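So for the sequence shown, the UniProt record's numbering puts the first residue at 1; every next one is plus one. Ideal Cβ positions, reconstructed from N, Cα and C, are used throughout, including at glycine. Quick caveat, the model's predicted, so the values are computed rather than measured. Heads up: the structure comes next, in structure tokens.
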Amino acid sequence: MDVWLDSGLSWHTLNEEKNGAEKEAKLVADLVVEGVDQFRGWFQTSSLTSMALQDCAPFKQILVHAMAVDDQGKKMSKSKGNVVDPKTITGCDHSSSASSSSLPNGNADAIGVDGLRLWCAWLASDSSGSVSIGPKTLKLVETRLQQIRRILRFILGSLESAAEAKRKSGTDLADLLSPIRNPTLATPEGPCLFTLMALDRYILAELDDFMDLLADFRLNYRFGAFVEQYYQFLHNRLSSQYIYLVRDRLYCDPVNSAAHDAVLITLDVVGQVLVSAIAPILPHLATEYFAHHPTLRHQPAEAFRQAFMPETGIELLRRSSALQNAIGDRAELARMMDAVRDIRKKAADDEASKVELRQILNRH
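Printed below as a string of structure tokens:
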């Protein structure tokens, strides 16, 4: 029994903003979040006081988190010198005493606010045991953050290069991409869907299924699985599979050709959907993405806000049944793509294929 029984009356503060009939309603929070140690403390005192005063539990759901330990699995203690200051991790501690040495057991560069948030979602949300934080763990988080950032930066770089190439040809990338943000145009009958090739439709259909999976993770507070599967999709489905196979179209096909434009449309849709999905965890990365998008950087705040609107053209296109039906057997297409990728990799590694090409250079 916790001697601080009055600590369990915090649920009663929910009554402060209510009046009239609402004030008579029972005070029940949708969710409470605390450490696993509070089952014998605050969770218990809250339940006892609420049952005594309003004959019901003061919360609908409980979400517990594990206790943080250092990289060696030891409990943090000031006397041991292994306490990690969040301000040091984020790089926000500008006091004269702050330095990289304040990270115990070795030096590690600050990984920013997004880095700390990524650690919380990816590793610290596991309630099955203790979670470690220290230089070794932070380096792992920093690497994962950089990997996510690199793939999203590739999308922005591809769009930026295309925007410049289109300007030189007298066309505008915004004219190509604006229809997919217009709910009246991004429909099965609109101009976007039928400009896409089978591989483009494949990755968008995969993205649609993947977003449903992420939504399920969010609803069940499985943030660690959310982050892990998010990275796996970026690395495997998007980078190693789709981007690897469309590079020829992206780099070699003529500007303004249907095949080249289809890649740009697909990358733009995939980029915005994936950034919107990770924005609650990595808000600074998401803001940066829109701030550097070649057609959205003039209004990044508005683009960021619209990314969460359920009826945008991108969302309607992604959820289109015509998109799902347009590519046939996705499993068979995935096997074919893997086979093509393996053949190309084997050819690239074959010493016999590494023949030096000689070409006479002409001066112009």
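- At least 9 Å separates the beta-carbon of threonine 295 from that of leucine 199.
- Beyond the five residues adjoining it in sequence on each side, tyrosine 231 comes within less than 7 Å, by CB distance, of Arg144, Gln147, Ile148 in the same chain, given in chain order.
- Pairwise C-beta distances place the stretch 61-70 in contact with the stretch 123-142, as three or more of them are shorter than 8 Å.
- Per DSSP, the unbroken alpha helix (DSSP H) holding histidine 292 starts and ends at 283-292.
- A residue is called buried once 16 or more other Cβ atoms fall within 10 Å of its Cβ, and phenylalanine 39, having fewer, is exposed.
- Rounded to the nearest whole angstrom, the C-alpha separation of arginine 167 and serine 158 is 14 Å.
- Taking a contact to require three or more Cβ pairs closer than 8 Å, the stretch 207-218 and the stretch 245-254 do not qualify as touching.
- The residues Val131, in chain order, have a CB closer than 6 Å to that of alanine 124 in the same chain once the five nearest residues on each side in sequence are set aside.
- Just measuring C-alpha positions, the residue of Val275, Leu196, Met197, His260 sitting nearest valine 227 is Val275.
- Residue state for alanine 68 is assigned as strand, using DSSP reduced to three classes.
- Between isoleucine 203 and leucine 238, the beta carbon gap of about 7 Å places them in contact (Cβ cut-off 8 Å).
- Annotation note: the stretch 118-182 contains the following uninterrupted alpha helix (DSSP H) runs of length 4 or greater, listed N- to C-terminal: 135-169, 173-177.
- Cβ-Cβ separation between threonine 195 and alanine 258: approximately 6 Å, consistent with a contact (criterion under 8 Å).
- By the criterion of a C-beta distance shorter than 6 Å, alanine 279 is surrounded in its chain by Ala286, once the five residues flanking it on both sides are discounted.
- Lysine 26 carries a coil assignment under DSSP once its states are collapsed to helix, strand and coil.
- Under the DSSP assignment, valine 32 falls in the beta strand (DSSP E) whose first and last residues are 32-35.
- Counting the other CB atoms within 10 Å of its CB gives glutamate 164 a total below 16, which places it among the exposed residues.
- Ranked by Cα distance from tryptophan 11, the options Gly35, Asp37, Phe43 are led by Phe43.
- DSSP lists Ala29 as the bridge partner or partners of phenylalanine 59.
- Between phenylalanine 210 and glutamine 241, the C-beta spacing is not below 9 Å.
- Ranked by how close their Cα comes to the Cα of threonine 266, the residues Leu140, Ala347, Leu156, Thr137 have Leu156 in first place.
- For glutamine 229, the enclosing alpha helix (DSSP H) stretches over residues 223-232.
- The alpha-carbon separation between threonine 13 and serine 79 amounts to approximately 37 Å.
- By the neighbour-count criterion, in which a residue is buried when 16 or more other Cβ atoms sit within 10 angstroms of its Cβ, isoleucine 89 is buried.
- With distances taken between CA atoms, glycine 91 lies nearest to Gly112 out of Met76, Gly112, Asn82, Lys75.
- Taken through DSSP and simplified to helix, strand or coil, lysine 75 comes out as strand.
- Beyond the five residues adjoining it in sequence on each side, phenylalanine 304 comes within less than 7 Å, by CB distance, of Ala286, Thr287, Phe290 in the same chain, given in chain order.
- The alpha-carbon of arginine 201 is positioned some 40 Å away from that of isoleucine 62.
- Burial check for isoleucine 133: the Cβ neighbour count within 10 Å reaches 16 or more, so the residue is buried.
- The shortest C-alpha to C-alpha distance from cysteine 56 to any of Arg297, Leu27, Ala121 is the one to Leu27.
- Ranked by Cα distance from leucine 140, the options Phe154, Arg153, Trp122 are led by Trp122.
- No residue range can be given for methionine 197, since it is assigned to no alpha helix (DSSP H) and is classified by DSSP as neither H nor E.
- The C-beta distance from aspartate 261 to leucine 176 rounds to 6 Å, short enough to meet the 8 Å contact threshold.
- In the three-state scheme derived from DSSP, where H, G and I count as helix and E and B as strand, tryptophan 11 is classed as helix.
- Counting along the chain, the unbroken alpha helix (DSSP H) around phenylalanine 304 starts and ends at 300-306.
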